[in-house]
Amino acid sequence: MPQIITEANLRSLIDSLVKESKLVVGPKEAGSMVLYQPLSNGADLKLGALPRRSSKELFFPICEDILTFGKEDGVTKVKDVDRASFPDAVLIGALPCDAGSPSILDAVFSWDYNDDFYLERRKKSTIVGIACTSCDDACFCTAVGYAPDSPAGSDLFLTPLKDGSYACNAVTEKGEKLVSAHGSLFKEGAAADAAPLAAPDTAKLDLAKIKEWLNTHFEDPLWQSIADVCLGCGACAFICPACHCFDINDEGTPDHGTRRKHWDACGFGKFTNHASGHNPRDIQNKRYRNRIMHKFKYYDDKFGKTLCTGCGRCIRACPVGIDIGDILNKINVQAG
Amino acid sequence: MTPKKRLNYSYYPGCSLHASGREYDISTRALFKALGLGLKEVPDWFCCGATPAHNVDELLSLSLCAKNLKMAEEVEGDLAVACAACFSRLKHAQHKITHDETRRRQVETAIDGPADVKKPVKHILEILAREVGLAKLEENVKKPLLGLKVACYYGCLLTRPPEVPELDDCEDPSIMEDILRALGAEPVQWSHRMECCGANFTLSRPGVVMKLSNAILDSAQFAKADCIMVACPLCHGNLDIRQESIENKNQASYELPIFYFTQLVALALGVPSTDLGFDSVIIDPRPLLREKQLI
Amino acid sequence: MNAKAQKAKGCGIEPAYYDAVTQAIRSEAVKVLKEGAVSAVIGYLPGRRKSAAVPAVVTTEEEAGRLIFSPACVNNLSLYLTKAKKGILPGGKIGIVAKGCDLRALAGLMGESQIKRDDLFIIGINCAGVQGAVAAGNGQLTEASIAKKCRECTAHTPEGVDFVAGTLPHLDGLTPLEAEELARIEAMPQAERWAYWKEQFSRCIRCMACRQVCPFCYCEQCLCDKNRPQAVESSPRPAGNTAWHIVRAMHLAGRCAGCAECERSCPMDIPLNLLNRRMAQELKELYDYEASMAPQEKGPLNQYKEDDDQSFIK
Amino acid sequence: MHAEQVKHDFEPKVVAFVCTWCTYAGADLAGTSRMQYPPNVRVLKFPCTGRIDPVFILRAFQKGADGVLVSGCHPGDCHYMAGNFHARRRFAAFRALLDFVGVDLNRLQFSWVSAAEGGKWVEVVTELTERVRGMGPMKEFKELELEEQWSASLSTPELKAAYDSIT
Amino acid sequence: MSRIGVFVCHCGENISRTVDVEQVAAAAGNIPGVAFSCDYKYMCSDPGQNLLKKAIAEHNLTGVVVAACSPRMHEKTFRKAAGAAGLNPYVCEMANIREHCSWVHENREMATAKASDIVHLMVERVKKGKSLAPITVPVTKKALVIGGGIAGIQAALDIADAGHQVLVVEREPSIGGHMAQLSETFPTLDCSQCIMTPKMVDVANHPNITLYSYSEIEKVEGYIGNFQVTVRKKARSVDESKCTGCGVCIAKCPKKKIPNEFDQGHGMRSAIYVPFPQAVPNTPVIDRENCTMFQSGKCGVCAKVCGPGAVDYQQEDTLTVESIGAIVVATGFKLYSIDRKPEGSMIQGYGEFGYGTIPDIVDGMTFERLASASGPTGGKILRPSDGKEPKQIVFIQCVGSRAREKGISYCSKICCMYTAKHTMLYHHKVHDGQAYVFFMDARTPGKGYDEFWRRAVEEEEAVYIRGMVSRMYQKGDKIIVMGSDTLVGVQVEIEADMVVLATAVQPQEGADLLAQKLGISYDKYNFYSEAHAKLKPVECATAGIYLAGACQGPKDIPDTVSQASAAAAKVMTLFAKDQLERDPVVAKVNEKYCVGCFACKKVCPYGAIEEKEIKDRQGNVVKVIAYVNPGVCGGCGTCQATCPSKTVELDGYTDEQIMAMIETL
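Protein chains in written order, with the working numbering: chain A, 1 to 336; chain B, 337 to 631; chain C, 632 to 945; chain D, 946 to 1112; chain E, 1113 to 1777.
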């Protein structure tokens, strides 16, 4: 029997979690848009819209301190950021295309080097996903193997029901714990009918075939034709749930300063600029090619996963209308 | 047309105007009334220290003025001052206290409170010429002082030193002449407008006063003036009260009436001559005024 | 009165207008390519989605026949002529489709020696307006979807171009939302203005879309990418974000053509054009300078007069 | 008699960007004339106000300045003929921008101080210092410096201390 | 990693009195990159400089900060020392902890903290500093002398005699200046014109001197060794090349009652005139304001009588551009007048003396003309009002000078001596007259000067009254002079027939405007500022421009001539080289990143920025970028502040240096 939670109780759950001093993050109205932000109470939660930025920043902040350094009594001292101080967090209301991203990113952050910052935050967080009931012409999750009701990546997965309540499936132990710790808010019972799910208007792509094409088409006129107009901004990468490149900067003076890690994007002209001044990806379409290659070939080569959840954010945000869904379709067609 | 707001002034008469210079006070009040200006005496004012205090104890002289200025804050309007010596002392104290931090602190200790000396201090000449304005004076003349040849006597305190009173050109002022011309009188060109009358040596070293004041009377006569107009009760005293003994000592005959400018302005504006204290001075000006058909 | 009320309801612009402009662009582009007058035409192609058009450099008559003009043709294409986008154009004379606001950018770039008029064939558009950043998806231009800049456009009609596409339909006067917003912010107490911008800038993720989309941000090395010295922190924290946006506005002062692409491109909806407009307003007031469709020899901050205002200097 | 220089509760940081020919020389003259002024000002010398980039002003505020003074030659006196004229326009625009984003312009003073105006240098520096002292610390930029995007914000005491030592 | 040395100077006690120099040195030692720090009593002394040199060698220093006085004082000294020790001079900087710190603050704790901060700023600056190599520029060996008084004449002759070309530009129709107006000169009482006019003729005849009289400086561009000077030759209405100087035009001119400026308005001249008979050039000029031809179009007598046809009513101002290597400014002085001054003026007139309305109160220069044999009275002392010989004459010294309340606090230096001279001239000419002198002090340093003054007092019967005059007024045909005799303690009153005022020496009219054209600095009185009051008394802060005579400060003739020769020597020193090394503080363009927007070119005040084509190996133009001509660049840095991407950078003031300094705040 699945657990049921009413919308009111879902909001109460947030209230109790906040009271427990947990960092509760969920979709929240922020001016003209919805963003994943810390919720101060249940009323803050805004469901039914895709937040402008993905939820990856809960684990992989836009900018975070790694260490601080400073001179004290003539001696330079370095202080690491205390990872133990990262808060216990609950991500509530993440749509499948967001909830799925950490499970993709875990691989890269624990491969040859364990990124303690990411992993610590990941360990301390519980993801409550929610099935998606609305979409637009940029959505294409179904084309890349995700679905509006995919619980992949969620610890607890909510399915909206027609009566306004949610069916809850504990996907992992963390999810079970969350339910059991707040048992009074959940009730067991027969679920009403599920609310209608979103249905993106895209055909399923053959990702294996696309990868195969990419294997052999590093040089191809396609890249110029689709990406000459790319501006080289980082909008697509920054709002993408799966992009995870970062840069490290020291800011301050030799006396006092902070080492910071922050998002980077392969579209930036300086991304691969060498100290010598040479840039192997010297023009924009080469950079854009890398974006596609990384998502659909290199990551797969290394970790067996595609680096895209089909959320469509990059399509909506691109200032020059570059449409990754359209490009994948073209490749799919070319790949036969 | 914007309705004219009535100008109000607070008033610091100073001791002379309550004693030997009473006619200066009377005529000042009459003049303000005639011009429709408010004039309210600062209650409980006391001596400004003029003129000897600053030679004896500068701190005392500053503190006296600081306290007076502070009390003046209680009364609405810029502080109108008639006596040239009071004007000089108050302005001087303001200048010193504002520009010398150490002195300010000492004064604050002395008067046991902040030295609040921001109240604008204005001589009545200034109020007439600049705030009321020559045009308005001219407009309001009822009895033009035609044919009256006046030697305008500024004395030593009114404009000096240049950075303190900021009343007019330090060595060649014209404010009195400007006012007189507006009233229809005829200011004469003469040499001793700015010379010292001997001021407060009047009691301690009358010989000095006799000499200096004689030079003033002599040059006014040389310039064919009918009378002398002053803005200072000390000058008035020396030139008026001592005139006879000066004449005697120098075998001269001057018979020059000494007016306060307030008297002449008020007269021209139509204030009855009986309200201007012409009867309480030594050299009776009334024969002259009658001769010129001004009374 | 009646007619006006009716017009307001529909926001006036018939789809036929866009079709006519599209046809005019296509035939002219095909013609100049065919004649060999130009080696390429920069224009717009339709996107997969109705609400999208994609800038494109077309070199064949066949492609040129697919060029469009629609409310989705928001981009300022002059960008593609600058050195910032090098390597995508063939040599020779280039044709470019330009709206009035884009023309001001072209003129600005000419004034800054980035392009030469002789190297261009400009297809100007009698532009009725394009859609805003958060346009609804059906591709129709309505009063709700029209871009803010178009509401107060002073450059509907192109000047000094080689070809004019389309006839300007009747345009209704629209409330100047941006001017009102500008006035509102200017009227705020200073602390409130700081709070307003602080909130706006804190949202910035430093994706640099505003810079990359700007025709005037053609520097090879942006000041804010430099780390020796670091003039602007590159990390996307509120401090560096604020500095970045101030520096950006300052660098564009007296140069900005007012195409508002920065604001449109911002994924975080920061009202960047308000900064540009405020600067333009100031330079107009102080030095009577305005961006125009004709190149100007010197911008307002590259020249001076001996009696310039200095009331702010002690 | 000089005003005694006593330490106040709040000692503002004031930065002066000056040209070497006029204002720097004017400040030298204040020195040779033994004039007194608050010791809060730190002088950065430039060849000309024309060299002074608005970014420097911004950066100074970011790095903890409570007040910034930009001073050069009077119009017509520029050693380089026109550097100060260009600077004048640049700063007129920059002021408008700072004002628009909500920076209190009372913290930013521009002046012309010639090599002969030691007294004016003292006056300008004293006035700005005392004005800024009255306004208190320039907290706007300092607060920004401490702020983070939500996902990165931590409030451990160590980090707080580290930040405090930066700003 | 930088290895900076910090040297903190005590400057005797000038710094150490207020700043804890040891603490400053210790704090500097803690700055990252500082390898050595110390304090020393006098860094500028030989042992101090040796300390610096030794430390550079011993500690292998890569940069040096000397915390001492203003760089305007000793930057060269220490850069030279650093250079001698093998360091690039441009990585040696001074931290100004004297003029900007110890002298202006009293609180030791705060001054010390400030000094440490100043040192830190400069350390960061040096850390990011680059080694720079001096730039060489050619020198045009032609000098410009502005002003044709005795200073300009002396400088021009000296330079010309050394074999260099000289251009003399004089505003008036003739050279000669004030010295030509003087009667006799102290302390020898030799006739001024007798010693002056031969020198004027020398100027006219010197093959290396070009004289532009009745001309003014219009514009000055360029820099040391390479000035471009535009001179405006005002329309003289007489063609200099045709005029023979016969003087017929002057004799025939019907308009003869124009007050002659040369005689201080007391003599008369015609509308076409030469200022005085010995004028150089001896070419007349038409005073168009007073010429009937110019005013009404009727007359033309001068043109009719002129044999060579030199009179040209159509003549216009012409502009000539000259290439000049060095400039001597010798614009001289004017005398203060006691007239009422405009509202708000820093300088006041003398109301107590009647603001110049009493005709028989004259200034010293008028007296010179009255006493001069060539003057309007033929050398007889006659008063202006009625031409009577004054029997009682009063001289007043320090009128305007040393009078803070009048706005001038300096001593005019020459008045004590010329007043003494005037009493003698008076005594020689009016035997039964009595001269009185009111004076504050008699300042007579100079060879033979005090003896001269004593002679006036002891032998020539002048009555010297130590005290000032408080008021003067006309009474009948007398001037009543009221003053005090402070030595006796009495007030004095003199019925004088005439009064001569020794009024203050002020810079020439328009001195400030000329300074702005030249780009040189001037003080609040408009006297031109020398680069150093003691050690560079003839140089301007602007390289290649030198000062001579009273334009720099009040001077008598011997001092003026000395300074003029000194300025000439400086010019010759400059001209001794074919090329000049100049400060390498110039802008450079980073060719890799420049995108060629030419904003820099638009703002460059020197026109130093050119367009440069960058070509690939095949010779195709890849891009057109900015190039800074280092010889023309003045080093203001306006280009860099204007460049959005800072690809043009001013050496010595790079963004990296400045940002590093800002970071230390």
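Glycine included, C-beta positions come from ideal geometry on N, C-alpha and C.
All figures in this text were calculated on a predicted structure; none of them were measured in a lab.
Point to revise | Buried versus exposed, by CB contacts within 10 Å (16 or more), A535 (chain B) | key: Against the second sequence, residue 535 (chain B) aligns to sequence position 199. Buried.
Exercise for review: Could you tell me whether the Cβ atoms of A840 (chain C) and S923 (chain C) are closer together than 8 Å?
Suggested key: Locating residue 840 (chain C) in the third sequence gives position 209, where the first residue counts as 1. Locating residue 923 (chain C) in the third sequence gives position 292, where the first residue counts as 1. No, the pair does not count as a contact, with Cβ atoms beyond the cut-off.
Exercise for review: For the stretch 989-996 of chain D and the stretch 1082-1090 of chain D, state whether three or more C-beta atom pairs, one from each stretch, are separated by less than 8 Å.
Suggested key: no
Point to revise | Any non-hydrogen atom of the ligand HEM within 7 Å of P38 (chain A) CB | key: The model on display carries no ligand, and the ligand HEM is accordingly not part of it.
Review point. Roughly how many angstroms separate the alpha carbons of K1367 (chain E) and Y1640 (chain E), rounded to a whole number?
Key: Along the fifth sequence, one-based indexing puts residue 1367 (chain E) at 255. Along the fifth sequence, one-based indexing puts residue 1640 (chain E) at 528. Those two C-alpha atoms are separated by around 40 Å.
Point to revise | Three-state secondary structure (DSSP) of G1160 (chain E) | key: For the purposes of this step, residue 1160 (chain E) is taken as residue 48 along the fifth sequence, with counting starting at 1. G1160 (chain E) falls in the helix class under three-state DSSP.
Review point. Do you know offhand how far S363 (chain B)'s Cα is from L464 (chain B)'s?
Key: Along the second sequence, read from residue 1 onward, the residue named residue 363 (chain B) stands at position 27. Along the second sequence, read from residue 1 onward, the residue named residue 464 (chain B) stands at position 128. Computed Cα separation, rounded: 14 Å.
Practice item. Report the partner residues of G70 (chain A) according to the DSSP bridge assignment. Key: By one-based count along the first sequence, residue 70 (chain A) stands at place 70. Answer is A:K77, A:H256, bridged to G70 (chain A).
Practice item. Name the residue from D:H953, D:V960, D:E1062 whose alpha carbon lies nearest to the alpha carbon of A1010 (chain D). Key: In the fourth sequence, residue 1010 (chain D) corresponds to position 65, counting from 1. Taking only the C-alpha atoms, the option nearest A1010 (chain D) is D:V960.
Review point. Can you tell me the Cα-Cα spacing of C419 (chain B) and C568 (chain B), whole angstroms?
Key: Taking the first residue of the second sequence as position 1, residue 419 (chain B) is located at position 83. Taking the first residue of the second sequence as position 1, residue 568 (chain B) is located at position 232. Spanning the two alpha carbons is a distance of roughly 5 Å.
Review point. Chain C partners of F1710 (chain E), CB-CB under 8 Å?
Key: Counted from its first residue, the fifth sequence places residue 1710 (chain E) at position 598. Within 8 Å Cβ-Cβ: E743, S744.
**Study point:** Nearest to P27 (chain A) (by Cα), restricted to the options A:Y299, A:I127, A:T76, A:I5
**Key:** Reading the first sequence from its first residue, position 27 is the one you call residue 27 (chain A). For the residues A:Y299, A:I127, A:T76, A:I5, the minimum Cα distance to P27 (chain A) belongs to A:I127.
Practice item. Just the chain C side, please: which residues come within less than 7 Å of S1096 (chain D) by C-beta, in chain order? Key: As a working note, residue 1096 (chain D) is residue 151 in the fourth sequence. Per Cβ cutoff of 7 Å: no residues; S1096 (chain D) is ~11 Å from chain C at best.
Point to revise | Beta-bridge pairing of M565 (chain B) - partner residues as DSSP gives them | key: Reading the second sequence from its first residue, position 229 is the one you call residue 565 (chain B). Note: M565 (chain B) sits in a beta bridge opposite B:C488, B:F595.
Exercise for review: Jot down the residue ranges of each uninterrupted beta strand (DSSP E) in the stretch 1120-1150 of chain E, minimum 3 residues, whole runs only, in chain order.
Suggested key: none
**Study point:** Cβ-based neighbour list, A170 (chain A), same chain, cut-off 7 Å, excluding 5 preceding and 5 following
**Key:** Along the first sequence, read from residue 1 onward, the residue named residue 170 (chain A) stands at position 170. So the list reads L156, E176, V179, once near-sequence residues are dropped.
Practice item. Could you tell me the distance, in whole angstroms, from the CA atom of T1342 (chain E) to the CA atom of S1435 (chain E)? Key: Counted from its first residue, the fifth sequence places residue 1342 (chain E) at position 230. Counted from its first residue, the fifth sequence places residue 1435 (chain E) at position 323. Distance between the alpha carbons of T1342 (chain E) and S1435 (chain E): 9 Å.
Review point. Is the Cβ of P646 (chain C) closer than 8 Å to any Cβ of chain A?
Key: Here residue 646 (chain C) corresponds to residue number 15 of the third sequence, with the count starting at 1. By this cut-off, P646 (chain C) is not an interface position.
Review point. For A636 (chain C), which of helix, strand or coil comes out of DSSP?
Key: One-based indexing of the third sequence puts residue 636 (chain C) at position 5. For A636 (chain C), the predicted model reports a pLDDT of 40, less than 50, meaning its position is unreliable; a value from the coordinates is still stated below. A636 (chain C) falls in the helix class under three-state DSSP.
Point to revise | C-beta neighbour in chain E for K747 (chain C), strict 8 Å | key: In the third sequence, residue 747 (chain C) corresponds to position 116, counting from 1. Judged by the 8 Å Cβ criterion, K747 (chain C) is not in contact with chain E.
Review point. How would you label T1300 (chain E), buried or exposed, when you count the other beta carbons within 10 angstroms and need 16 or more for buried?
Key: Here the question's residue 1300 (chain E) lines up with position 188 in the fifth sequence. Classification for T1300 (chain E): exposed.
**Study point:** Short CB-CB distance (under 8 Å) between A684 (chain C) and chain A
**Key:** Counting from 1 along the third sequence, the entry for residue 684 (chain C) is found at position 53. Interface residue, yes.
**Study point:** Residue-chain proximity (L415 (chain B), chain E), Cβ-Cβ < 8 Å
**Key:** Taking the second sequence and counting its residues from 1, one reaches residue 415 (chain B) at position 79. So no, L415 (chain B) is outside the interface.
Check your understanding: Would you say D98 (chain A) and C245 (chain A) are within 8 Å of each other, going by their C-beta atoms?
Key -> Taking the first residue of the first sequence as position 1, residue 98 (chain A) is located at position 98. Taking the first residue of the first sequence as position 1, residue 245 (chain A) is located at position 245. Result no, Cβ atoms of D98 (chain A) and C245 (chain A) do not sit closer than 8 Å.
Practice item. Work out the CA separation of K857 (chain C) and P867 (chain C) for me, nearest whole Å. Key: Taking the third sequence and counting its residues from 1, one reaches residue 867 (chain C) at position 236. Taking the third sequence and counting its residues from 1, one reaches residue 857 (chain C) at position 226. When the Cα atoms are used, P867 (chain C) and K857 (chain C) turn out to be separated by approximately 15 Å.
Check your understanding: Got a sec? Which residues, its chain only, sit under 6 Å from R735 (chain C) by beta carbon, not counting five neighbours each side?
Key -> Locating residue 735 (chain C) in the third sequence gives position 104, where the first residue counts as 1. Counting only Cβ-Cβ distances below 6 Å, and skipping sequence neighbours, we find A888, A922, M924.
Point to revise | Residues bridged to L1494 (chain E) [DSSP beta-bridge criterion] | key: As a working mapping, residue 1494 (chain E) is identified with position 382 in the fifth sequence. For L1494 (chain E), which the question treats as bridged, DSSP gives no partner whatsoever.
Review point. Does any CB atom of chain E fall closer than 8 Å to the CB of L508 (chain B)?
Key: Indexing the second sequence from 1 puts residue 508 (chain B) at position 172. It should be noted that the sequence gives Asp, not Leu, for residue 508 (chain B). Closer than 8 Å to some Cβ of chain E, the Cβ of D508 (chain B) qualifies, so yes.
Review point. Helix, strand or coil: how does DSSP classify H262 (chain A) here?
Key: As a first step, residue 262 (chain A) must be located in the first sequence, where it is residue number 262. Residue state, collapsed to three classes: strand.
Review point. For the stretch 1021-1047 of chain D, which residues have a CB atom closer than 8 Å to at least one CB atom of chain C, in sequence order?
Key: G1021, A1027, F1030, H1031, R1033, R1034, R1035, F1036, A1037, A1038, F1039, R1040, A1041, L1042, L1043, D1044, F1045, V1046, G1047
**Study point:** CA nearest to the CA of G1665 (chain E), picked from E:A1655, E:T1654, E:N1638, E:V1673
**Key:** In the fifth sequence, the residue the question calls residue 1665 (chain E) occupies position 553. When only C-alpha atoms are compared, the closest one is E:N1638.
**Study point:** Where R281 (chain A) falls: helix, strand or coil (DSSP)
**Key:** For the purposes of this step, residue 281 (chain A) is identified with residue 281 of the first sequence, where counting begins at 1. Three-state result, R281 (chain A): coil.
Exercise for review: Verify the CB distance criterion: does P1756 (chain E) have a CB-CB separation below 8 Å to chain C?
Suggested key: Reading the fifth sequence from its first residue, position 644 is the one you call residue 1756 (chain E). Judged by the 8 Å Cβ criterion, P1756 (chain E) is in contact with chain C.
Review point. For W111 (chain A), is the classification buried or exposed, using 16 other Cβ atoms within 10 angstroms of its Cβ as the cut-off for buried?
Key: Counted from its first residue, the first sequence places residue 111 (chain A) at position 111. The residue in question, W111 (chain A), is exposed, as its Cβ has fewer than 16 Cβ neighbours within 10 Å.
Check your understanding: Should the stretch 1132-1146 of chain E be regarded as contacting the stretch 1159-1171 of chain E, the criterion being three or more beta carbon pairs within less than 8 Å?
Key -> no
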